[in-house]
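Residue numbers (our numbering), protein chains in the order written: chain A, 4 to 232; chain B, 35 to 141.
C-beta: ideal position from N, C-alpha, C; glycine also.
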Amino acid sequence: MKGKTNWEFTVALVAAVIAAILIASPVLPGEPALKLKLAIGYGLLILVFMFGLAVLIEIVRGRIDISELLEEVDGGASMSRFQLLIFTFVIALSLFLMVAAQEKFPAVPPEVLTLLGISASTYAVSKGIQMSNPSQAAGLTLMPTTLGPPAAGAALPATSFTASLVNTPPGTPMPALTWSLDAPAHGTLTPQSSNIALYTPATGIASGTKVTIRAQAAGYEDGTAVVTY
Amino acid sequence: MRGLVALARWELIILFTGFAAIILAKLLAGGIRMTGLLQGTAGFSPGRAQLLVFTVFVAMDYLIRVIHSPSATALPSISPAIVGVLGGSQAVYLGGKAWSLLRRNQQ
Chain A
4 MKGKTNWEFT VALVAAVIAA ILIASPVLPG EPALKLKLAI GYGLLILVFM
54 FGLAVLIEIV RGRIDISELL EEVDGGASMS RFQLLIFTFV IALSLFLMVA
104 AQEKFPAVPP EVLTLLGISA STYAVSKGIQ MSNPSQAAGL TLMPTTLGPP
154 AAGAALPATS FTASLVNTPP GTPMPALTWS LDAPAHGTLT PQSSNIALYT
204 PATGIASGTK VTIRAQAAGY EDGTAVVTY
Chain B
35 MRGLVALARW ELIILFTGFA AIILAKLLAG GIRMTGLLQG TAGFSPGRAQ
85 LLVFTVFVAM DYLIRVIHSP SATALPSISP AIVGVLGGSQ AVYLGGKAWS
135 LLRRNQQ
């Protein structure tokens with residue numbers, strides 16, 4: 004998005020202002036105070052809707068990347084993020100259903116707030132545990148860490164990725180590695196030695212698509228590399 | 035004012051459904067990576083699995099209760115027992131995570 008004009012937001016702002024001016028204009032009948040309320044109400048509704056719609060469209064177009072919504076910093080989906088996502092949606096949907104049925108905001112019992120509090124606290128504590136001593140965590144790293152994007156019209160080259168151990172005593176043998184792609188259709192990985200795998204990109208993949216290459220071993224943090232088409 | 039309320043309702047329906055549909059579609063299609071959701075540092079994690087089961091169970095139970103009584107004046111309450119069970123489940127998950135980190139650092 005950097006360096007590009009976000010015309011969607013400009014259009015939203017202009018539409019909201021025009022709607023507010025039209026409703027508040029003296030041409031329409033009605034009490035000035037009521038018209039002012041309606042103008043502000045419609046203006047804000049249009050603004051919020053257009054902003055929300057712009058974000059939705061950008062997510063669909065892939066310009067807002069939510070592929071790592073559940074991902075931990077060291078790779079792999081986070082259970083605490085996932086349950087926070089579920090509870091947020093459930094409570095939001097519940098509130099919406101009740102407001103739509105009664106047209107007023109329902110009371111929120113303290114147990115519901117406790118539930119959301121527990122969920123959010125779990126996420127926070129989980130992050131705290133994860134970050135408490137990251138420098139001592141034995142893990143894997145991949146080289147190169149990124150591949151692509153290729154120049155316009157060019158294809159990604161087949162590339163070898165090498166796994167190395169970090170935060171382990173000198174001389175620690177390389178454990179048995181499991182190589183994987185988060186989207187198996189986006190290329191193939193062929194192990195070539197105990198710590199090297201050859202990535203062969205797929206063809207016909209949309210430009211901008213990201214694929215994560217992962218090397219895993221029991222007891223070690225995953226090593227990851229990101230390929231951008 | 036009725037028009038304003040109707041517009042707000044439709045706006046929420048479209049935006050909420052849109053966001054929910056996109057996130058669900060991306061979860062199902064792999065657009066949001068779920069790899070390793072049940073994996074701990076040493077393979078399959080029972081702590082994560084039980085948290086997933088309790089989370090889905092409590093969420094579905096709550097949603098069903100809301101759908102059955104949408105005209106109530108307050109959101110359905112959750113019994114302290116359920117809150118306790120879910121809190122315990124989260125504690126097991128966090129305990130397992132802390133324990134595995136401790137063990138890994140001692141190795």
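- Under a Cβ-count criterion, where at least 16 other Cβ atoms within 10 Å of its own Cβ denotes burial, should Lys9(B) be classed as buried or exposed? Shown here, chain B extends from 35 to 141; a query on residue 9(B) therefore has no answer.
Enumerate in chain order the residues of its own chain whose CB-to-CB distance from Leu143(A) is below 6 Å, with the five nearest sequence positions on each side excluded. In the first sequence, residue 143(A) corresponds to position 140, counting from 1. Taken in chain order, the residues that qualify are Ala166, Ala218, Tyr223 and Gly226.
* Sub-8 Å separation of Phe164(A) and Leu184(A) beta-carbons -> Here residue 164(A) is taken as the residue at index 161 of the first sequence, counted from 1. Here residue 184(A) is taken as the residue at index 181 of the first sequence, counted from 1. Cβ atoms of Phe164(A) and Leu184(A): not closer than 8 Å.
task = Indicate the three-state DSSP secondary structure (helix, strand or coil) for Glu224(A) in the structure shown.
result = Translated into positions along the first sequence, residue 224(A) becomes position 221. For Glu224(A), the three-state secondary structure derived from DSSP is strand.
In the DSSP assignment, what residue or residues form a beta bridge with Leu85(B)? Reading the second sequence from its first residue, position 51 is the one you call residue 85(B). Bridge partners of Leu85(B): none, in fact.
Assign Ile121(A) to one of two classes, buried (16 or more other C-beta atoms within 10 Å of its C-beta) or exposed (fewer than that). Along the first sequence, one-based indexing puts residue 121(A) at 118. By the 16-neighbour rule on beta-carbons within 10 angstroms, Ile121(A) is buried.
* Where Ile43(A) meets chain B, residues with beta-carbon distance less than 7 Å -> The residue you call residue 43(A) lines up with position 40 of the first sequence. Within 7 Å Cβ-Cβ: nothing; Ile43(A) doesn't reach chain B, min ~10 Å.
Glu106(A) classed as buried or exposed, judged by whether at least 16 other C-beta atoms fall within 10 angstroms: Counted from its first residue, the first sequence places residue 106(A) at position 103. When all chains shown are included, Glu106(A) counts as exposed.
Check: Just reading off the beta strand (DSSP E) that Gly142(A) is part of, what are its end residues?
Finding: Locating residue 142(A) in the first sequence gives position 139, counting from the first residue. Segment Gly142 to Met146, the beta strand (DSSP E) holding Gly142(A).
- Item | Partner residues on chain A for Gln84(B), Cβ-Cβ distance less than 8 Å | In the second sequence, counting from the first residue as 1, residue 84(B) sits at position 50. Within 8 Å Cβ-Cβ: nothing; Gln84(B) doesn't reach chain A, min ~10 Å.
If distances are taken between C-alpha atoms only, which option among Ala228(A), Ile60(A) and Lys38(A) comes closest to Trp182(A)? Taking the first residue of the first sequence as position 1, residue 182(A) is located at position 179. For the residues Ala228(A), Ile60(A) and Lys38(A), the minimum Cα distance to Trp182(A) belongs to Ala228(A).
Q. What residues are listed by DSSP as bridge partners for Trp182(A)?
A. Position 179 of the first sequence holds residue 182(A). In the DSSP output, where bridge partners are listed per residue, Trp182(A) has Ala218(A).
Next on the checklist: Comparing C-alpha positions only, which one of Leu100(A), Leu192(A) and Pro187(A) sits nearest to Ile101(B)?
Outcome noted: Here the question's residue 101(B) lines up with position 67 in the second sequence. If you compare the alpha carbons of Leu100(A), Leu192(A) and Pro187(A) with that of Ile101(B), the shortest gap goes to Leu100(A).
If we ignore side chains and look at the alpha-carbon of each, how far apart do Val214(A) and Met53(A) end up? Start at 1 with the first residue of the first sequence, and residue 214(A) comes out as number 211. Start at 1 with the first residue of the first sequence, and residue 53(A) comes out as number 50. Straight through space, the alpha carbons of Met53(A) and Val214(A) are spaced by roughly 31 Å.
Ordered along the chain, which non-local residues of its own chain (more than five positions away) have a Cβ less than 6 Å from that of Leu155(B)?
-> The structure shown does not extend to residue 155(B), since chain B is modelled only from 35 through 141, so no value can be given for it.
query: What span of residues does the alpha helix (DSSP H) with Tyr126(A) cover, start to end?
result: Within the first sequence, residue 126(A) is the residue found at index 123, counting from 1. Tyr126(A) -> alpha helix (DSSP H) spans Pro113 to Met134.
**Asked** Which residues, taken in chain order from the stretch 89-111 of chain A, show a beta carbon closer than 9 Å to some beta carbon of chain B?
**Response** When CB distances to chain B are screened at a threshold of 9 Å, the residues of the stretch 89-111 of chain A falling below it are Ile89, Phe90, Phe92, Val93, Ile94, Ala95, Leu96, Ser97, Leu98, Phe99, Leu100, Met101, Val102, Ala103, Ala104, Gln105, Glu106, Lys107, Pro109, Ala110 and Val111, in chain order.
| query | Which parts of the stretch 21-81 of chain A are runs of the alpha helix (DSSP H), unbroken and 4 residues or longer, counting only runs that do not cross its ends? | reply | Complete alpha helix (DSSP H) runs here, min 4: 35-64.
### Task
Would you check if there are 3 or more beta carbon pairs closer than 8 Å linking the stretch 45-55 of chain B to the stretch 80-88 of chain A?
By the Cβ rule, the stretch 45-55 of chain B does not count as touching the stretch 80-88 of chain A, because fewer than three pairs are nearer than 8 Å.
Would you list the one or two residues that DSSP bridges to Ala110(A)? Counting from 1 along the first sequence, the entry for residue 110(A) is found at position 107. Bridge partners of Ala110(A): Ala108(B).
query = With a CB to CB cut of under 7 Å and the five nearest residues on each side skipped, what residues in its chain are close to Ile26(A)?
reply = In the first sequence, residue 26(A) corresponds to position 23, counting from 1. The residues are Lys38, Leu41, Ala42 and Tyr45.
Q) Do Ala179(A) and Ala220(A) have their C-beta atoms within less than 8 Å of each other? A) Within the first sequence, numbered from 1, the residue matching residue 179(A) stands at position 176. Within the first sequence, numbered from 1, the residue matching residue 220(A) stands at position 217. Yes.
**Residue nearest to Ala95(A) in terms of C-alpha spacing, selected from Glu114(A), Leu72(A), Glu75(A) and Leu119(A)** = Along the first sequence, read from residue 1 onward, the residue named residue 95(A) stands at position 92. Here the closest residue by C-alpha is Leu119(A).
Beta carbon proximity, Glu74(A) to chain B, threshold 8 Å:
Within the first sequence, the letter at position 71 stands for residue 74(A). Yes, because at least one Cβ of chain B sits closer than 8 Å to the Cβ of Glu74(A).
Spatial neighbours of Val102(A) in its chain, beta-carbon cut-off 8 Å, leaving aside the 5 residues before and after
Counting from 1 along the first sequence, the entry for residue 102(A) is found at position 99. Within the same chain, Val102(A) has close Cβ partners Phe108 and Pro109.
Point to revise | Alpha-carbon spacing of Lys5(A) relative to Ala200(A), whole angstroms | key: In the first sequence, counting from the first residue as 1, residue 5(A) sits at position 2. In the first sequence, counting from the first residue as 1, residue 200(A) sits at position 197. Annotation note: pLDDT 46 at Lys5(A) (below 50); position unreliable, no value reported.
>> Can you pull the chain B neighbours of Ala80(A), defined as C-beta to C-beta under 7 Å?
In response: As a working mapping, residue 80(A) is identified with position 77 in the first sequence. The contact set of Ala80(A) on chain B, defined by CB atoms closer than 7 Å, consists of Arg67, Met68, Thr69, Gly70 and Leu71 in chain order.
request  = Could you confirm whether any beta carbon from chain A is found closer than 8 Å to the beta carbon of Pro80(B)?
outcome  = Numbered from 1 along the second sequence, position 46 holds the residue referred to as residue 80(B). No, Pro80(B) lies away from the interface with chain A (no Cβ there is under 8 Å from its Cβ).
request  = List the residues of chain A whose Cβ lies closer than 8 Å to the Cβ of Gly64(B), in chain order.
outcome  = One-based indexing of the second sequence puts residue 64(B) at position 30. Here the neighbours are Asp185 and Ala186.
Would you please verify whether the beta carbon of Arg43(B) is less than 8 Å from any beta carbon of chain A? Numbered from its first residue, the second sequence carries residue 43(B) at position 9. Closer than 8 Å: yes.
8 Å is my cut-off, CB to CB: does Ala54(B) come that close to chain A?
Locating residue 54(B) in the second sequence gives position 20, counting from the first residue. Answer yes: the Cβ-Cβ gap between Ala54(B) and chain A drops below 8 Å somewhere.
Contact set between Phe50(B) and chain E, taken where Cβ atoms lie within less than 8 Å:
Absent from the structure is chain E; the protein chains it does hold are A and B.
**Prompt:** Taking the alpha-carbon positions, what's the Pro113(A) to Thr107(B) distance?
**Reply:** Here the question's residue 113(A) lines up with position 110 in the first sequence. Here the question's residue 107(B) lines up with position 73 in the second sequence. Those two C-alpha atoms are separated by around 15 Å.
N- and C-terminal bounds of the beta strand (DSSP E) containing Leu72(B): Indexing the second sequence from 1 puts residue 72(B) at position 38. In the DSSP annotation of this structure, Leu72(B) is not part of any beta strand (DSSP E), being labelled neither H nor E.
Item to check | Chain-ordered chain B contacts of Thr117(A) [CB-CB under 7 Å] | outcome: As a working note, residue 117(A) is residue 114 in the first sequence. Chain-ordered, the chain B residues with CB closer than 7 Å to the CB of Thr117(A) read Val117.
Would you say Tyr127(B) reaches chain A, if we count a Cβ-Cβ gap shorter than 8 Å as a contact?
Start at 1 with the first residue of the second sequence, and residue 127(B) comes out as number 93. Cβ-Cβ to chain A under 8 Å: yes for Tyr127(B).
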